[in-house]
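There are 2 protein chains.
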Amino acid sequence: MRPDETTTDVLRCTAHGLGELPELVELAIVLTSTMARVAEEHELTPMQGRLLCGLGEQPRRMVDLAQSLGIEKAALTGLVDRAERRGLVERTPVPGDRRAVQVTLTEDGGQAMVAFGTGVASALGELLEPLPVKDRATFCRLASAVVGSARATWDHA
Amino acid sequence: MRPDETTTDVLRCTAHGLGELPELVELAIVLTSTMARVAEEHELTPMQGRLLCGLGEQPRRMVDLAQSLGIEKAALTGLVDRAERRGLVERTPVPGDRRAVQVTLTEDGGQAMVAFGTGVASALGELLEPLPVKDRATFCRLASAVVGSARATWDHA
DNA sequence: TATTGTTATACTCTATAACTATA
DNA sequence: TATAGTTATAGAGTATAACAATA
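Same order as they appear, the protein sequences are chains A and B. Going by my numbering, the first residue of the first sequence is number 1, and it counts up by one from there. Going by my numbering, the first residue of the second sequence is number 158, and it counts up by one from there.
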């Protein structure tokens with residue numbers, strides 16, 4: 001099922017004077033739904049997609065991954081359990097610290113990761129396609145600026 | 158817990174030639190996290206926030222709401238059950254169709270809806286604050302265009 | 001027969017608290 | 001003591017399938 005507008009209705013009422021912010025709410029929903037659709041096409045949950053992408057570069061420890069994904073380590077335990085059960089990732093020991101474990105991509109997981117990544121990039125590309133070429137770059141640049149300042153704020157707090 | 162980058166890593170590897178699309182993935186995460194944070198500040202789940210906003214204008218029927226939110230009607234039953242248990246909404250009969258029910262905001266639900274909507278608008282406003290004034294409008298305009306074309310595509314399919 | 005909504009069931013994602021093992 | 005990770009528990013959100021009541 002695909003969402004249409006809803007959350008934005010109230011913003012149109014309560015946020016007058018605040019500009020076109022409701023568009024950002026819809027944008028969040030469109031982007032999130034798009035990624036969820038791509039994940040589903042590859043038989044992944046959105047969170048599994050993010051997990052695989054987090055392992056694209058190299059194995060990561062649980063603490064590290066939990067932080068990257070913005071979830072508690074206990075939640076990650078379950079996430080990795082399920083991904084492991086599906087043959088996407090493996091837990092391996094970390095040399096030099098017998099408390100820790102590394103999570104690594106399996107062969108299948110690596111393929112799923114690449115397929116998902118490619119699919120997301122392609123789907124987002126299609127989303128921008130209707131825009132004039134010049135606007136696409138502008139939009140990405142501004143998106144990047146917003147993300148950057150948001151992260152800067154969070155890191156301070 | 159707040160997420161940092163992760164999903165975008167693989168895109169940087171697999172999506173070369175596709176431009177700055179990874180920024181859009183991060184943007185989705187930043188926007189979604191921001192709305193989740195605001196919901197939490199008002200003791201709502203993100204989905205409850207969306208539900209309340211969907212009822213801001215007038216009562217809605219279950220089928221209608223499920224469609225707006227992009228979930229199955231059975232899932233909406235549970236969502237409304239929990240919201241009703243918290244005193245945010247009520248189920249009332251629809252005159253003229255004894256199969257249907259309307260969902261309406263309670264007094265509390267209405268206040269929560271306005272508070273949440275205001276909070277979201279304010280939080281999104283802060284997110285744009287670091288941008289030059291001119292860029293803010295541009296960003297919202299482009300966001301609106303992306304959303305519009307995405308919805309147009311979905312409506313066709 | 002078709003539509004509206006609920007119930008039953010199962011799974012994913014999440015948090016908190018308590019625990020084990022290692023540093 | 002502090003850190004890494006798991007287990008236990010509880011709750012939210014979701015889908016599918018089967019169902020009841022009404023149109």
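Just so you know, even glycine gets a beta-carbon here, dropped at the ideal spot from N, CA and C.
Handout entry: Distance CB(residue 211(B))-CB(residue 222(B)) smaller than 8 angstroms
Key = Within the second sequence, residue 211(B) is the residue found at index 54, counting from 1. Within the second sequence, residue 222(B) is the residue found at index 65, counting from 1. Yes; because the gap between Cβ atoms is below 8 angstroms, this pair is in contact.
Practice task
Check whether the stretch 116-128 of chain A touches the stretch 28-46 of chain A, taking contact to mean three or more Cβ pairs, one atom from each stretch, closer than 8 angstroms.
Solution key: yes
Handout entry: Closest by C-alpha distance to residue 220(B), when choosing among 251(B), 190(B) and 192(B)
Key = Start at 1 with the first residue of the second sequence, and residue 220(B) comes out as number 63. Selected option, being the one with the closest Cα: 251(B).
Problem - chain A contact residues for residue 247(B), given Cβ-Cβ distances below 8 angstroms - result: The residue labelled residue 247(B) in the question sits at position 90 within the second sequence. Result: empty, since nearest Cβ-Cβ is about 18 angstroms, beyond 8 angstroms.
Handout entry: residue 261(B) - partner residues in DSSP beta bridges
Key = Within the second sequence, the letter at position 104 stands for residue 261(B). Answer by DSSP bridge pairing, in chain order: 247(B).
Problem - Collapsed DSSP secondary structure at residue 81(A) in the structure displayed - result: Locating residue 81(A) in the first sequence gives position 81, counting from the first residue. Helix at residue 81(A).
Exercise for the section: Give the residues of chain A in contact with residue 320(B), contact being defined as C-beta atoms less than 7 angstroms apart. Expected result: One cannot answer for residue 320(B) here, as it falls past the ends of chain B, which runs 158 to 314.
Practice task
Can you pull the chain A residues whose beta carbon is under 7 angstroms from the beta carbon of residue 180(B), in chain order?
Solution key: Here residue 180(B) refers to the residue found at position 23 of the second sequence. The contacting residues are 140, 143, 144 and 147.
Practice task
Give the straight-line distance between the Cα atoms of residue 309(B) and residue 75(A), rounded to the nearest whole angstrom.
Solution key: Along the second sequence, read from residue 1 onward, the residue named residue 309(B) stands at position 152. Along the first sequence, read from residue 1 onward, the residue named residue 75(A) stands at position 75. Straight-line Cα distance between these residues: approximately 37 angstroms.
Exercise for the section: Kindly indicate which residue of 137(A), 136(A), 144(A) and 105(A) has the alpha-carbon position closest to the one of residue 56(A). Expected result: Start at 1 with the first residue of the first sequence, and residue 56(A) comes out as number 56. When only C-alpha atoms are compared, the closest one is 105(A).
Problem - Residues near residue 61(A) by beta carbon distance below 8 angstroms, same chain, minus five either side - result: By 1-based counting over the first sequence, the position of residue 61(A) is 61. Counting only Cβ-Cβ distances below 8 angstroms, and skipping sequence neighbours, we find 94, 100, 101, 102 and 103.
Exercise for the section: Could you tell me the boundaries of the alpha helix (DSSP H) in which residue 41(A) lies? Expected result: Taking the first sequence and counting its residues from 1, the one referred to as residue 41(A) is at position 41. Here the alpha helix (DSSP H) through residue 41(A) covers 22-41.
Problem - N-terminal and C-terminal residue of the alpha helix (DSSP H) that residue 151(A) is part of - result: For the purposes of this step, residue 151(A) is taken as residue 151 along the first sequence, with counting starting at 1. That run of the alpha helix (DSSP H) goes 133-156.
Exercise for the section: Report the rounded CA-to-CA distance for residue 282(B) versus residue 254(B), giving the unit in angstroms. Expected result: The sequence position of residue 282(B) within the second sequence is 125, counting from 1. The sequence position of residue 254(B) within the second sequence is 97, counting from 1. When rounded, the distance between both Cα atoms is 43 angstroms.
Problem - residue 290(B) vs residue 128(A) beta-carbon contact at 8 angstroms - result: Numbered from 1 along the second sequence, position 133 holds the residue referred to as residue 290(B). Numbered from 1 along the first sequence, position 128 holds the residue referred to as residue 128(A). Their beta carbons are not under 8 angstroms apart, which means residue 290(B) does not touch residue 128(A) by this criterion.
Practice task
Using beta-carbon positions only, say whether residue 31(A) and residue 184(B) come within less than 8 angstroms of one another.
Solution key: Reading the first sequence from its first residue, position 31 is the one you call residue 31(A). Reading the second sequence from its first residue, position 27 is the one you call residue 184(B). Yes.
Practice task
Name, please, each residue of chain A whose Cβ falls closer than 8 angstroms to the Cβ of residue 292(B).
Solution key: As a position in the second sequence, residue 292(B) is number 135, starting the count at 1. Those are 142 and 145, listed as they occur along chain A.
Practice task
Would you grab the beta carbon distance between residue 158(A) and residue 34(A) for me? Rounded to a whole angstrom, and I think it's under 8 angstroms.
Solution key: The structure shown has nothing for residue 158(A), since chain A only spans 1 to 157.
Practice task
Answer yes or no: do residue 215(B) and residue 4(A) have a C-beta to C-beta separation smaller than 8 angstroms?
Solution key: Within the second sequence, residue 215(B) is the residue found at index 58, counting from 1. Within the first sequence, residue 4(A) is the residue found at index 4, counting from 1. Not closer than 8 angstroms, so no.
Handout entry: Cβ pair residue 181(B), residue 131(A) closer than 8 angstroms
Key = Position 24 of the second sequence holds residue 181(B). Position 131 of the first sequence holds residue 131(A). No. Outside cutoff.
Exercise for the section: State the CB to CB distance for the pair residue 80(A) and residue 109(A), rounded to an integer number of angstroms; the pair is presumed to be in contact (CB under 8 angstroms). Expected result: Walking along the first sequence from the start, residue 80(A) turns up at place 80. Walking along the first sequence from the start, residue 109(A) turns up at place 109. At roughly 11 angstroms, the Cβ-Cβ gap does not stay under 8 angstroms, so residue 80(A) and residue 109(A) are not in contact.
Problem - From 72(A), 49(A) and 29(A), residue whose alpha carbon lies closest to that of residue 112(A) - result: Counted from its first residue, the first sequence places residue 112(A) at position 112. It is 49(A) whose Cα lies nearest to the Cα of residue 112(A).
Practice task
Compare the C-beta of residue 79(A) with all C-beta atoms of chain B and state if any pair is closer than 8 angstroms.
Solution key: Counting from 1 along the first sequence, the entry for residue 79(A) is found at position 79. Chain B, which has no Cβ nearer than 8 angstroms to the Cβ of residue 79(A), makes this no.
Practice task
Please state whether DSSP places residue 161(B) in a helix, a strand or coil.
Solution key: Taking the second sequence and counting its residues from 1, one reaches residue 161(B) at position 4. Looking at residue 161(B) - three-state DSSP - the assignment turns out to be coil, as it is neither helix nor strand.
Problem - Residue range of the unbroken alpha helix (DSSP H) whose run includes residue 211(B) - result: Along the second sequence, read from residue 1 onward, the residue named residue 211(B) stands at position 54. It spans 203-211 - the alpha helix (DSSP H) in which residue 211(B) sits, taken as one unbroken run.
Exercise for the section: Would you verify that the beta carbon of residue 83(A) is, or is not, closer than 8 angstroms to some beta carbon of chain B? Expected result: Position 83 of the first sequence holds residue 83(A). With 8 angstroms as the cut-off, residue 83(A) does not count as an interface residue toward chain B.
Problem - Pairwise C-alpha distance: residue 137(A) and residue 47(A) - result: Against the first sequence, residue 47(A) aligns to sequence position 47. Against the first sequence, residue 137(A) aligns to sequence position 137. Between residue 47(A) and residue 137(A), the C-alpha separation is close to 28 angstroms.
Problem - Cβ-based neighbour list, residue 234(B), same chain, cut-off 8 angstroms, excluding 5 preceding and 5 following - result: Taking the first residue of the second sequence as position 1, residue 234(B) is located at position 77. Excluding sequence neighbours, residue 234(B) sits near 219.
Handout entry: Endpoints, the alpha helix (DSSP H) within which residue 67(A) is located
Key = The count along the first sequence starts at 1 and reaches residue 67(A) at position 67. 62-69 is the span of the alpha helix (DSSP H), which, as asked, contains residue 67(A).
Handout entry: Spatial distance of residue 156(A) from residue 135(A) (CA atoms)
Key = For the purposes of this step, residue 156(A) is identified with residue 156 of the first sequence, where counting begins at 1. For the purposes of this step, residue 135(A) is identified with residue 135 of the first sequence, where counting begins at 1. Approximately 32 angstroms between the Cα atoms of the pair.
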